[in-house]
Amino acid sequence: MKSSTEAVTVDEAAPRGSAGEVFRAFLKLGLTSFGGPIAHLGYFRDELVTRRKWTDEAGYADLVALCQFLPGPASSQVGFALGLLRGGPLGAFAAWAAFTLPSALLLLLFAFGAAAFEGPLGAGLIHGLKIVAVAVVAQAVWGMARALAPDRERASIALAAVLIVILPAGPIGQISAIVIGGLAGLWLCRRGPAPTTGHLTFAVPKRVGIAALALFFLLLFLLPVISAALSSQGLALFDSFYRAGSLVFGGGHVVLPLLEAEVVRPGWVSEDAFLAGYGAAQAVPGPLFTFAAYLGAVMRPEPDGIAGAAIGLVAIFLPGFLLLIGALPFWDAFRARPLAQAAMRGANAAVVGILGAALYDPVWTSAILSPYDFALALTGFVLLTVWRAPPWSVVALLAASGIGLNLL
C-alpha cells in the first residue's frame, strides 16, 4: 500500500498536456454535458479516461470518491483536478473556465432577457419554470434519500434536519443541521464499507494543501466581518456566495436552499426570479453552480449585471477548489479514519433533510397554486425519474405548458 506522500506523487513518465489542450477538451464537455453531476462524471470518464487516457480507471474512481466526500460541486472539482493533472495550475483553470462558461453565459443572457418577459406569455413562462423546479428538486430529494439516507439511523438524521431548518430559518439553521448531522453520524453511522486507498497521483506539496485550507477558513470567517465593517455590498455578495459554496454536501441541488437563504431573504432577489432562474438552469449544459451567474446578474443592489455575475461565479466555486487542493496531500490518510467516514455519513443524511425542507418552502409553496400545477409537476417528476427524460426536454415541456395554462 502506498503512503499518503507516495499517493500524491506524479509519475515522471506520465504524459502532460498544455492548457490549450485541456481548454478544448473541457469546452466540448461544457457544451454537451447535460443531465447533472452524475451524468457529467460519465461524460468525463468517456472522454478523458477511455478516449484520451489522461488517467486510469482506478485513479479516476479515487478522484471521484474524494470529490464526492468534500463540500462543493463534485463534477467541477473532478474537472478541475483532471485539468491540474494534465496541464498543471493553468490546466486546472482552463478546465474550470471551459466547462463553466457556456452555461454561465446562457444563464446571463436569460437574466438580461428576463425583464422582457411581461404579459401573459412571460408570466406563463416564469410560472412554468417554477414548476420545473418542483419536479427537479423532488427528483433530487428522492435520489439522494435513497443513496444517502437508506437506513433508519440516517433517515432519522434527515428528519431531524428538516425540523432544525424549519425552526431557525436561514443560514444558521442549515449550518446547525449539517453540524448536528455530523455529530449524530459519529454515534449512529459507524457501519459502512472500508475505503480503498492508494490511487491518487497529484504532486501537491503538503505546505500548499495547508495554505489552501487556511485560506478557505480565513475567507469563511473573515469575509462577514470585513464586509460588515466596510459596508461593502460587493464583499457582502462575495461572502454570501462563498458561504453557500462552502456548505454544499451531497450534490449541486443542495445549493438551492443555501442560496435562497442568502439572496432571497435579504431581498436581493425576488422569490419568483430566483425559482425561474433555477428552472432555467436545468435546461443548460454544465454545472448547476452557474446558477450563481444568473443570481449575480439579477441582483437589485449593485454590483449586478456582468459584475455581479462574475462575483457570484468566482465566489461559489472558490471554496470547493480550495478544499480540493487542501485535501489532495492528506486524502488517503484521512479517509481511512472510521470516525471521519461516520461523520460524513451523518452530514450527508442531514443534507437530504435540508433539501427536503426547501422542496416545500420556497419551491412548492411558490409554484403549486392549482391542481393543474400539481399535475404538471408530477408529470415532470415521472418523466425525470421513471422515463429518464433529458432535463432540458422536461424544462421545454413544462415551460410551454405553463404558457398554455396562463393563456387559458
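According to the numbering used here, the residues represented by the sequence shown are 615 to 1022, in order. A virtual CB, placed ideally from N, CA and C, is assigned to each residue, including glycine.
query                                                                                                                                                                  : result
Assuming Gly900 contacts Phe713 (C-beta within less than 8 Å), just tell me the rounded distance between them.                                                         : 6 Å
Determine the contact status of Val912 and Gly926, defining contact as a CB-CB distance below 8 Å.                                                                     : no
If we count the other Cβ atoms within 10 Å of its Cβ and call it buried at 16 or more, is Thr979 buried or exposed?                                                    : exposed
Quick one: using the 10 Å Cβ neighbour count with 16 as the cut-off for buried, is Pro734 buried or exposed?                                                           : exposed
Measure from the alpha carbon of Ala772 to the alpha carbon of each residue in Leu743, Arg959, Leu833, then state which is nearest.                                    : Arg959
Ends of the alpha helix (DSSP H) at Gln691?                                                                                                                            : 688 to 728
Starting from His669, trace the alpha helix (DSSP H) in both directions and tell me its first and last residue.                                                        : The sequence given here places Thr at residue 669; His does not occur at that position. From DSSP, Thr669 is part of no alpha helix (DSSP H); its letter is neither H nor E.
What separation, rounded to the nearest whole angstrom, lies between the Cα atoms of Asp765 and Pro687?                                                                : 25 Å
Sort Pro880, Leu1022, Ala961 by Cα distance to Val862 and report the nearest one.                                                                                      : Ala961
For Phe888, report the span of its alpha helix (DSSP H) as first-last.                                                                                                 : 885 to 895
Would you identify the three-state DSSP class for Ala923, choosing helix, strand or coil?                                                                              : helix
If you drop the 5 nearest sequence neighbours on each side, which residues of the same chain put their C-beta closer than 6 Å to that of Leu680?                       : Trp945
Do Val678 and Pro699 have their beta-carbon atoms positioned less than 8 Å apart in this structure?                                                                    : The residue you asked about is not Pro; residue 699 is Leu in the sequence shown. In this structure, Val678 does not lie closer than 8 Å to Leu699 by Cβ.
Are the CB atoms of Ala775 and Gly967 nearer to each other than 8 Å?                                                                                                   : yes
Once DSSP output is grouped into helix, strand and coil, what is the label at Asp918?                                                                                  : coil
Return the chain-ordered list of same chain residues with a C-beta closer than 7 Å to the C-beta of Val1008, the five sequence neighbours on each side being excluded. : Val746, Ala749, Gly994, Leu997, Leu998
Is it true that the region 780 to 800 meets the region 918 to 938, where meeting means three or more beta-carbon pairs spaced less than 8 Å apart?                     : no
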